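This note's numbering applies: residue 1 is where the sequence shown begins, and numbers increase by one. In this text, a Cβ means the ideal position worked out from N, Cα and C, and glycines have one as well. Note that the coordinates shown come from a computational prediction; the quantities given were computed from them, not determined experimentally.
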Amino acid sequence: MFGKCSSSRCRALSNASTLKWVLLTLTLLVFFLLESSLLPWITPLEWRSELSIYPKLVLISAVYISVFTNRHIGLAYGLAFGLLQDVQFYGHMIGVNAFAYGLAAYVAGLLIRPNLVSLFSVFLIQLSALLLYETSTYAIYRLFSVTDSDFGWTFIHGMLPSILISLFLALALYIPARKWLEAPRSERDSDEE
């Protein structure tokens, strides 16, 4: 993984890598807290009766992890934080967010090509992942009669506003995520195999 290096250099690189993943996990925990406590209050009071806006910072981060590091790691983060969200907020059905977050992160990792990583391609992948998340959770809730809302109404009043806000946040986080997460191409290619 690190090529030829002395044992002290390898340990230093390993410690730096471990610290990076610990900080990433803590960052996702902070995003989870922001997503659930502060961001819902940003929505203007007049809109709350008409629109359901729920930004998905953790899903955006899981997609970035899949795109810039490895789709399997993105899947693991998506499953873990999706399950945390299921347990914390959506007690009527455990596992829906874990499934949808994991699926969206994994598919995002499948869609990206290492030599075609650009702002536009990552934006399209974020859009695809958010649409996949929203439609799959709606489909599961509809299948098990948790919701009886019409898809058109749900899309206009819930999915679309959440996707637009999430895409705005994804654009704001693109450069920091790329600088922090992106590994050298040769290392990423060997990890994917």
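Over the uninterrupted alpha helix (DSSP H) stretch that includes residue i, give me the two end residues.
{"i": "residue 65", "result": "57–68"}
Is it the case that the Cβ atoms of residue i and residue j are separated by a distance below 8 Å?
{"i": "residue 121", "j": "residue 112", "result": "yes"}
{"i": "residue 53", "j": "residue 173", "result": "no"}
{"i": "residue 28", "j": "residue 68", "result": "no"}
{"i": "residue 110", "j": "residue 98", "result": "no"}
{"i": "residue 55", "j": "residue 162", "result": "yes"}
{"i": "residue 149", "j": "residue 108", "result": "no"}
{"i": "residue 57", "j": "residue 181", "result": "no"}
{"i": "residue 167", "j": "residue 127", "result": "yes"}
(request) Counting only runs of 4+ residues fully inside the region 87–169, write out the alpha helix (DSSP H) ranges in chain order. (result) 96–111, 119–143, 151–154
(message) Could you check whether the region 94–103 touches the region 131–139, counting it as contact only if at least three pairs of C-beta atoms, one from each stretch, sit closer than 8 Å?
(response) At 8 Å Cβ cutoff, the stretches touch.
(request) Could you tell me whether the region 65–73 touches the region 85–94, where touching means 3 or more Cβ pairs closer than 8 Å? (result) no
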